[in-house]
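The sequence shown runs contiguously to residue 73 in numbering that gives the first Met the number 0.
Ideal placement from N, C-alpha and C gives every residue a C-beta, glycine not left out.
Being a predicted model, the structure only gives us computed values, none of them experimental.
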Amino acid sequence: MSTREYIRTQVDLLPDNILEKVQDFIGYQKFILGIYDTDTDYLSSIPGMVESIKAAAAEPLDDCVPVTELWSDV
């Protein structure tokens, strides 16, 4: 059995909640290996990330917490 076949059989045994973590890991590895051309390509590959960024960008700045309130050493 090849490495690819072995990995496929093992992935098929994983529950759905773990598959999401595996998907995140694979995406990160592609980013590290330079498979994605840009950070945007990498972030766009994460399920729900585009929607999350758009929602945050639409949030009024008055509703945001200043960075100085998050970390005392900034």
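Do the CB positions of residue i and residue j come within less than 9 Å of each other?
{"i": "serine 74", "j": "glycine 26", "result": "This structure does not reach residue 74, given that the chain is present from 0 up to 73, and the question cannot be answered."}
CA-CA distance, residue i and residue j?
{"i": "glycine 47", "j": "valine 21", "result": "16 Å"}
{"i": "lysine 29", "j": "leucine 60", "result": "33 Å"}
{"i": "isoleucine 34", "j": "alanine 56", "result": "27 Å"}
{"i": "glutamate 68", "j": "alanine 54", "result": "22 Å"}
{"i": "threonine 8", "j": "threonine 2", "result": "10 Å"}
{"i": "aspartate 11", "j": "valine 64", "result": "42 Å"}
{"i": "tyrosine 41", "j": "glutamate 19", "result": "15 Å"}
{"i": "aspartate 38", "j": "methionine 0", "result": "35 Å"}
Can you tell me whether DSSP reads residue i as helix, strand or coil?
{"i": "aspartate 36", "result": "coil"}
{"i": "isoleucine 45", "result": "coil"}
{"i": "valine 21", "result": "helix"}
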